[in-house]
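What follows is a set of notes on a single structure, which appears directly below.
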Amino acid sequence: DAGVTQSPTHLIKTRGQQVTLRCSPISGHKSVSWYQQVLGQGPQFIFQYYEKEERGRGNFPDRFSARQFPNYSSELNVNALLLGDSALYLCASSWGGDEQFFGPGTRLTVL
Amino acid sequence: AQSVTQLGSHVSVSEGALVLLRCNYSSSVPPYLFWYVQYPNQGLQLLLKYTSAATLVKGINGFEAEFKKSETSFHLTKPSAHMSDAAEYFCAVSGTYKYIFGTGTRLKVLA
Numbered sequence: 435d436a437g438v439t440q441s442p443t444h445l446i447k448t449r450g451q452q453v454t455l456r457c458s459p460i461s462g463h464k465s466v467s468w469y470q471q472v473l474g475q476g477p478q479f480i481f482q483y484y485e486k487e488e489r490g491r492g493n494f495p496d497r498f499s500a501r502q503f504p505n506y507s508s509e510l511n512v513n514a515l516l517l518g519d520s521a522l523y524l525c526a527s528s529w530g531g532d533e534q535f536f537g538p539g540t541r542l543t544v545l
Numbered sequence: 028a029q030s031v032t033q034l035g036s037h038v039s040v041s042e043g044a045l046v047l048l049r050c051n052y053s054s055s056v057p058p059y060l061f062w063y064v065q066y067p068n069q070g071l072q073l074l075l076k077y078t079s080a081a082t083l084v085k086g087i088n089g090f091e092a093e094f095k096k097s098e099t100s101f102h103l104t105k106p107s108a109h110m111s112d113a114a115e116y117f118c119a120v121s122g123t124y125k126y127i128f129g130t131g132t133r134l135k136v137l138a
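Each protein sequence line maps, in turn, to chains A and B. Numbering-wise (my numbering), the first sequence opens with residue 435 and increments by one. Numbering-wise (my numbering), the second sequence opens with residue 28 and increments by one.
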């Protein structure tokens, strides 16, 4: 069975630009969560979506937004990129938000 | 609110020696607890999880952890370290719609 997939694998942007990261959950999973992992730290929760509705949001600025599509895939958008947004962005899927299965992540570098 | 503390950001052990990685949690409700491993430039792999069943949890790759409510601990152990165990390890507690991760412990295995 396919696990959680994320695209792209790596991404390089410059300050001020906008970026969109994509996530496809495990088949049958209706919930998608996003985490940011800055180098040397543990992952930090950004969003959780369930059935296309935002169910939880972490302590991130409004530059971060996300959405979930009818097929339960999800996009994370970050506007006006800052150097500090450089991180590994992890997507996780679950049936309803309980046990989460993580994807390989997207490595974002902001120059 | 839930939180996790991992004691020791770096741990070094000799090959064949006992591995002990420490995790203490804080939770106002019975917690679900997890240990993940992360190899360089990769996502998170679940080692084991505690979901209020047996207090001694066995995971993959010979790892196990014991839930001790009186000590609010969930330490990860492995009887004999292997070179392939060198990685970053994260303890996490399940919160409302999200996981809360510790800051991680980097395990180094010495030949």
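Every residue gets a Cβ at the ideal spot worked out from N, C-alpha and C, and that includes glycine.
By alpha-carbon positions, which one of the options ends up nearest to residue i?
| i | options | result |
| --- | --- | --- |
| Ala-514(A) | Arg-491(A), Val-544(A), Val-472(A) | Val-544(A) |
| Tyr-52(B) | Trp-62(B), Asn-68(B), Val-31(B), Phe-94(B) | Val-31(B) |
| Pro-106(B) | Ala-28(B), Glu-42(B), Gln-33(B), Gln-29(B) | Glu-42(B) |
| Tyr-484(A) | Asn-493(A), Gly-492(A), Lys-464(A) | Lys-464(A) |
| Ser-79(B) | Gln-72(B), Thr-123(B), Lys-95(B) | Lys-95(B) |
| Trp-468(A) | Leu-134(B), Tyr-124(B), Lys-135(B) | Tyr-124(B) |
| Ala-113(B) | Gln-33(B), Gln-69(B), Ala-92(B), Ser-39(B) | Ser-39(B) |
| His-109(B) | Gly-89(B), Asn-68(B), Leu-48(B) | Gly-89(B) |
| Ala-141(B) | Ser-458(A), Gly-530(A), Gln-475(A), Arg-449(A) | As displayed, chain B neither begins before 28 nor continues past 138, which places residue 141(B) out of reach and without an answer. |
| Leu-137(B) | Leu-45(B), Thr-99(B), Gln-69(B) | Leu-45(B) |
| Lys-486(A) | Gly-492(A), Glu-533(A), Ala-500(A), Leu-524(A) | Ala-500(A) |
| Leu-75(B) | Thr-104(B), Glu-98(B), Ser-97(B) | Thr-104(B) |
| Ile-446(A) | Asp-519(A), Gly-537(A), Gln-440(A), Gly-492(A) | Asp-519(A) |
Short check: CB of residue i to CB of residue j, under 8 Å?
| i | j | result |
| --- | --- | --- |
| Phe-117(B) | Tyr-66(B) | no |
| Gln-482(A) | Gln-470(A) | no |
| Glu-509(A) | Thr-443(A) | no |
| Pro-57(B) | Gln-29(B) | no |
| Phe-535(A) | Val-438(A) | yes |
| Gly-537(A) | Cys-457(A) | yes |
| Gly-70(B) | Leu-473(A) | no |
In the DSSP assignment, what residue or residues form a beta bridge with residue i?
| i | result |
| --- | --- |
| Leu-522(A) | Gln-471(A), Arg-541(A) |
| Asn-51(B) | Thr-32(B), Ser-100(B) |
| Arg-402(A) | Nothing in the structure corresponds to residue 402(A), since chain A is present only between 435 and 545. |
| Lys-486(A) | None; Lys-486(A) has no bridge partner. |
| Ser-461(A) | Partner(s): none; Ser-461(A) has no beta bridge. |
| Tyr-124(B) | Bridge partners of Tyr-124(B): none, in fact. |
| Val-438(A) | Answer is none; Val-438(A) lacks a bridge partner. |
| Ser-39(B) | Lys-135(B) |
| Ala-119(B) | Phe-61(B), Phe-128(B) |
| Thr-454(A) | Asn-511(A) |
Where does residue i land, buried or exposed, given buried means 16+ other C-beta within 10 angstroms?
| i | result |
| --- | --- |
| His-102(B) | buried |
| Ile-87(B) | exposed |
| Ser-527(A) | buried |
| Ile-480(A) | buried |
| Ala-521(A) | buried |
| Ile-127(B) | buried |
| Gln-502(A) | buried |
| Gly-35(B) | exposed |
| Val-466(A) | buried |
| Ala-81(B) | exposed |
| Pro-459(A) | buried |
| Leu-516(A) | exposed |
My parser needs the beta strand (DSSP E) runs of 3 or more residues fully inside the region 46–93 of chain B; what are they? 46–53, 60–65, 72–77, 83–85
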